[in-house]
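Student: First the structure, then my questions, so here it is.
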Amino acid sequence: MFSVHCPDHGCEVLLSERRIRGLVATPAGMRLDWECWCGHRGSLLTGRSTVPATAAMVGQHRPAV
């Protein structure tokens with residue numbers, strides 16, 4: 064189960080895995096495509112970016128870890 068904001072309901076709704084319509088790997092992270100009980104479709108971006116943090120900071124000061 065997962066929760067998303069449904070604009071048609073105007074609030075957070077709890078959906079089951081059966082409401083997942085797709086899972087797509089993108090450079091920005093994993094995109095979860097879902098369909099609400101009311102029929103509204105949306106997507107949720109989750110996970111990590113495929114761009115390494117060091118590549119994004121080339122030529123800049125990197126913080127110590």
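One rule links them: number in the working numbering = place in the sequence shown (from 1) + 63. By construction, the Cβ of each residue, glycine as well, lies at the ideal position given by its N, Cα and C atoms.
Tell me which residues share the same chain as valine 87 and place their Cβ nearer than 6 Å to its Cβ, disregarding the 5 neighbours each side in the sequence.
Tutor: Taking the sequence shown and counting its residues from 1, the one referred to as residue 87 is at position 24. These residues qualify, in order along the chain: Arg94.
Student: Check whether the Cβ atoms of glycine 102 and valine 67 lie closer than 9 Å to each other.
Tutor: In the sequence shown, the residue the question calls residue 102 occupies position 39. In the sequence shown, the residue the question calls residue 67 occupies position 4. No, Cβ-Cβ distance for glycine 102 and valine 67 is not below 9 Å.
Student: According to DSSP, is arginine 82 helix, strand or coil?
Tutor: Residue mapping note: residue 82 aligns to position 19 of the sequence shown, counting from 1. Here arginine 82 sits in helix by DSSP.
Student: Can you find the residues in the same chain that come closer than 8 Å, C-beta to C-beta, to arginine 84, ignoring five residues on each side of it along the sequence?
Tutor: The residue you call residue 84 lines up with position 21 of the sequence shown. Within the same chain, arginine 84 has close Cβ partners Asp96, Trp97, Glu98 and Arg104.
Student: Quick one: what's got a C-beta closer than 7 Å to leucine 108's C-beta in the same chain, skipping five residues either side?
Tutor: For this step, residue 108 is matched to residue 45 along the sequence shown. So the qualifying residues of the chain are Ala91, Gly92 and Arg94.
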